[in-house]
Every structure is written in structure tokens, then in C-alpha cells.
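Structure first, then comments.
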Amino acid sequence: MKYTRFLSAITLLLSMSTAYAANIQYGVMCYHDVVDESAPPEAYGGDEFDDEFRRQYYPQTITVNKLINHFNWLKNNGYTPVSWQQIKDAKAGRGKLPAKPVLLTFDDGYISFYKTIFPVLKAYNYPAMYALVTSWMETPANGYIAYGKKKLSRKAFITWEQVREMQQSGLIEIASHSHDLHRSNFGNPFGSEFAAALPGKYENGRYETPEEYRKRIADDLRRSADIIEKHTGKRPNALVWPYGQYNREATEIARKEGFDSDFTLFDLKLNEDSAGHVGRILVDHETGYGVIKSYLEGKMFESKIKRAVYVNLDDLYSPNTEEFNRNFDKLVSRIAQLGVSVVYLQAFSDEDGNGIAETVYFPNRHLKMKADLFSRVAWQLMTRSGVKVYAWMPMTAFNFGSGYDYVSNSGARRLSFNNEKNRRAVSEVYEDLAFSSRFNGLLFQNDAVFADFKGNLPSGAFGNSQYWQQVATNIDGLIRYSDQLKAGAMKYSFNGAVELKSVHNLYAGQAIDKEAQKWFTQSLSKYIKHYDYTAIALMPYEKGQNTNTQDAGKWVKSATHDIKKTGIPLDKTIFELPAQNRQTNQHVPATELVQWMEDLKKGGVKNIAYGPDDFVNDRPAINIVKPAFSIKR
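The sequence shown runs 0 to 632 under numbering that gives the first Met the number 0.
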């Protein structure tokens, strides 16, 4: 009896420990350089030190007074800085964290950490993580370090002797910030620069191979760990990704090299025990207490309203360089002025309008590359226009030539998603897209619709339970297939699942009519649950169902009402409007498009998209559509 009670008590304690560990939440704050404006030049490296650097502020630089104020704010609001080891122990059930735990991290290895920050940490008895770039640390004392476009004196950074002193205090844990990944590489023939930890380095007229990429990352991380161990006697097991940029492949490499933890950046949510990566909030001179408070309380603001436009790369491409550059500038400028949040950027070519991708706009293993454009255009839209870019891709509408299994769907030729060779090939196309390009999400084109199961069912099976069971099986199969495609992209997609969102297209008729969903192998309810967003295409002029503006407007209102009646959550739904009448090949007037937008908003719709956008000819006219469509007024 006593033994049984003892076991019960142990089981209860273990379950309590496990439950506690599972509910761990903690914030991580990322700092860089901290300056003491009252300090003389010699405090930063002696008389020979470049005084110009000492007085130069970077976006991440804050003053020591602000740092002290941050520490006081944390203390006064009940937050307790903890070490990374404490967090790991709590995750493993070996201890408890105090209420409101916070991890303080400092990147890059500036001398200010030793001269200014470390004394403050000791005064408060606050632990911290310190991430070092070992190639900078190995630079000779009289040398210079490439820091972006500038060169900084080695004296601006800490020494190994100082590192050892701080490590011995017990307050400072040393992490790797890579050996030589704290810089950018050219990522395409046009000179776009991506974080060096990301794949697709373009050099000497070619892209690196996946094998070369894996070796480059593994060699760098191993060398960094070796150097830190050599100088401190302890091998680091925490990796801080430069610029917070990473991908799944790089993470797997890091794990093999002994890093059991990795830290990112720009995260809006608190970390939990189940998180694969440790997110951090970047603290700079503009970070106010309101932002810190919102982050640590898990209440960071994120706009719930989405505005998206479709952009066809076929409309941008031109073999004439002058014409291309002129139209490219128009596109980037227009998207910035429109004030939208997302661009669905076509990654394939469909010049004949048959809905099938024969060529694509990125290097890959299976299809001809029409032009190497996607990487450049996506990056410029992200960095210059300030939008998220989703790669708009087919699921089954590819022409891989002979040797692949195709099916006919109402006259349209599609790859069979039930064929393993087909699935693997398309997944590799998605993987290759992510290897060479940076983007924020995937838009799955609504081409994987199959209403014909001949060959899978016995003759006369249509209409019976066996047929509809086959339909349900294929819907689930299509969703699993899209997961495989996303996984292909996720291998190299920057910032992994945190960044890569998914959208699936669905026509309004299929969203409203459940029988139509079965017929076309679609499921609104399953899409809503599975994807980040379901984009419902409203096509008021499709197949001549409406012939005038008044009837089309009534149809949009009616369709919106019917879709809402299904009970779907509107925050996971995007209502798409056509900017072109496909029956007449005429552009929908901007005034009519705006009226539809206003009707959608009156009906409670939050997320709206339209396409295609004719950025070359300003259609729809930006001065008309922007007031109704923009979220960045």
C-alpha cells in the first residue's frame, strides 16, 4: 500500500513538472551596441581608436542610460532576467522559472559589452547571452573588420581575454554568431544581396549547388564552435543566426554540429517550450516601453486586415532590357503607392493562357527557365515596396513532357497527384524556387480540381456512396499533396514555418455549393482549417452570367451573403475581385472595382484582393482604387 502511494506521489510530481514545463513562456530581448556618451575616447580603445566610429550611431545602438532604464522597467514590472541554462533546465523539468522570465541577449561582440554593459549586468546581477562572430574575433589587433559597407577597427570589438573574464563571472554565456555569416552574398545575377546563411549564393556566373551550400554552412558553424572552445574551454551549444535569418536545412546542419538551440529575430510572440526556434524582439533606439510591454505580455499588434494584388511576371518580362527596367520601376513604385500588404507574384509563365506552366521564372531541375526574374522582383517588392510576397504557383498544371502521368479534367490536362514520381518532381520544383528566392508565402493556384474518376471506379459508380467516398479521399489527398509541396519549399524558405504562410484558391461557386465542392474535389471547410487563408474568387462576369454593371454588383453582394452564411471565419478568408472581364478581355473599370470593394467592406469582409494588376498602364487607376483599397494611408 505504501509502495502504491509512493508511486502515485511520484507520478503526480512528474505530471506536475511536465505540465509546468509545457506551459513555459518567456521573452527574449536582443541588444547590440550600447554607448556611454559621457565616456572619453580612450574608453573605446585608446587614443588610436577612430573617434568617428565612437560617435556614430547605428539603428540598433542605444545609450547606456536607456539600457539602465530598461532594466529598471523590467524590475519594477515584475520581470526577472534568467540565463539560457535556467530556461533549458525548466524545459527539461529540472527546475522552475520565476514569474515573468526574460532572457537578455547581446550580439556582435562590441567592446561596449565589456566596457559598458557588463558592469551594469553585474550591478543588477542579471545573466545574459553574448553572441560572437569568430572571424571578427580572429582579426589581428591592428586590422579592420568588414561591417556591411564599412570597415571598423578591430579595437571596436572585444578580446578573448575579456571574454574569458566575463565567462568566469558566471553571468555570461557565450553563443556563436557564426564564423563568417554576418554579411551578405549576391543571390542572383542582378546583385540582390541575401544573408550569407541563406542558400543560392551567386558567384562567377552560377548559383552554388545544394551540396556546396550544406558544406559552406557546416564548415562555418564547425569552425566557429572550434574557435570559441579553443579560447574559452567550453564548446557553445547555442547559435544566434546573423540577421535572424535561417531555414530548415541550415537548422538541421546546426544540430549536427552540436548546436541544440538557435535564436532568430523580429518575432512578435513569446517563446514556448514547443517552439523549434527561439524568437527575439530587436531592441533599438526607437523601441519604446509600450512595445516592450506589449511583447512581454504577448499582445504585439499585428494588422488583421489584408490587402493583396496579383502580379503576372508575364506582364513584366521583356527581352528588351530598357523596356523591362522601365516597367519594373513602375511596378515597384506602384505597389508601394497602393499601400497593400501582400503581392501574389506569379512564378511561372502562362503566355497562351491555357493555365499550364511550361516554363518558370527561376532555376530548377524540371522545367525550362524563361528568365531568372522571380528572385529579383520578389526581393525588390519586399525591400523597396514594403510588402509580403507570396509565390503564386500551380499544383498540378505543369507540363513536364513525356514520362509523367497526366489526367484529363474537363478537357484540361493535369499531372496526377496520385503518382509518386509526379509528386516528387513538383515538390522539387517548389524546393528549387525556395533555394534561389526569398518570399513569405505560397499561393496554391486552384488548378488541382478533379471531377472525373474514371479508371478509379467501376462503371456506373457515379452518384453512389462509393463515388463520394472517392471524392472525400481525393480532397484529403490533395491537401496532403499541398503539404508535400510546402515542405519542399520549407527546406530552404527563409525563417521556416514562422514566415511561410499558405493560401489556397477556391471559386465562389464552389465555396457556396457543397455539391459543387464534391464535383470539383474541393472543400471550403477543410481549406479554412488547414491553410492560413482561403482565397475565394468572385467572378461576376464569368461565363456570361451577368452582362451589365448593375447585375454584376448585385451578384457580388449576393455571393458574399451566401459565403458568409456558411459560417466560415472571415479573418481566414480573402475575397478576390477580378480586375479583368475574362469573357470580353476588357479591364473592369476602376470605379466598378471600387464599388465592389465598398460593398464587401459593408458586408463585414476584412481581407480583399484583386487581380491581375496592370502596373504598366495604371489599371485600375491608382488615384481611384487606392482610397478604397489601401491600408497604409
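Glycine included, C-beta positions come from ideal geometry on N, C-alpha and C.
Go through its chain and collect everything with a Cβ distance to residue i's Cβ below 6 Å, but skip five positions before and after it.
i	result
A38	none
K453	In this predicted model, K453 has a pLDDT of only 41, less than 50, meaning its place in the structure is not dependable; the value taken from the coordinates is given anyway. Nothing meets the Cβ criterion.
D313	S348, E350
F438	A377, V388, A390
Y316	A370
V162	none
H178	T133, S134, D219, R222, S223
Please return the same chain residues whose Cβ sits closer than 7 Å to the Cβ of residue i, not counting the five positions on each side in sequence.
i	result
T548	E591
A551	P539, Y540, N545
T483	The residue asked about is misnamed: residue 483 is Gln in this sequence, not Thr. Hits under 7 Å: R422, S426.
G257	A224, R234, N236
P188	Y201, D371
K631	G338
V587	P577, A578, Q579, N580
G440	K387, Y389, L499, K500, S501, V502
A194	S183, P241, Y242, Q244
F434	P198, G199, P209, Y491
Tell me, to the nearest whole angstrom, how far the beta carbon of residue i is from that of residue j; I am working on the premise that it is less than 8 Å.
i	j	result
A307	V339	6 Å
L264	Y242	7 Å
Y609	E575	7 Å
N363	V428	5 Å
M646	L477	Residue 646 lies beyond the residue range present for the chain, which begins at 0 and ends at 632; the question has no answer from this structure.
Y530	V502	6 Å
A411	A356	The Cβ separation is near 13 Å, so there is no contact.
V674	V624	This structure gives no information on residue 674, because the portion of the chain shown stretches from 0 to 632.
S374	G602	Between G602 and S374 the Cβ distance is about 38 Å, and since that is not below 8 Å, they are no contact.
P666	N311	Absent from the model: residue 666. The displayed extent of the chain is 0 to 632, so no value can be given.
L523	I567	6 Å
F614	R333	5 Å
Which one or two residues does DSSP pair with residue i in a beta bridge?
i	result
P118	None, per the DSSP bridge assignment.
G610	P577
E271	Q24
D261	L238
W391	Q345, L442
E172	M128
T572	T533
M368	V359
K150	A145
L103	M28
V34	T62
R618	D613
T79	P100
E183	What sits at residue 183 in the sequence shown is Ser, not Glu. Per DSSP, A194.
F397	A356
H586	Q579
Y109	F156
Once you ignore the five residues that flank residue i on each side, which residues in its own chain have a CB closer than 8 Å to its CB?
i	result
V101	Y25, G26, V27, M28, L73, Y78, T79, P80, V81, L295
G108	Y129, A130, L131, V132, W135, M136, F156, I157, H176
L13	Low confidence applies here, because L13 scores a pLDDT of 39, under 50, leaving its location unreliable and the question unanswered by this model.
I511	A558, D561, I562, T565
F327	L315, V376, Q379
D261	A237, L238, V239, W240, Y245, T250, A253, H276, V277
I67	V119
E301	L267
M394	F416, V425, F443, Q444, D446, A447, L477, Y480, S481, L484
S629	R306, L337, G338, V339
What runs of the beta strand (DSSP E), each 3 residues or longer, lie entirely inside the segment 474–548? 500–506, 532–536
Please determine if the segment 197–211 and the segment 130–144 are in contact, where contact requires at least 3 C-beta pairs separated by less than 8 Å. no
Specify whether the segment 209–220 and the segment 272–286 touch according to this definition: at least 3 beta carbon pairs, one from each stretch, less than 8 Å apart. no
Is it the case that the segment 78–93 contacts the segment 106–118, given that we only count it when at least three CB pairs across the two stretches are under 8 Å? no
Ignoring anything shorter than 4 residues or poking outside the segment 267–339, list the alpha helix (DSSP H) runs there in chain order. 288–295, 312–315, 320–337
With a threshold of 8 Å, are at least 3 pairs of Cβ atoms found where one atom belongs to the segment 162–178 and the other to the segment 122–129? yes
Start-end ranges of the beta strand (DSSP E) lying completely within the segment 186–220, minimum 3 residues: 192–194
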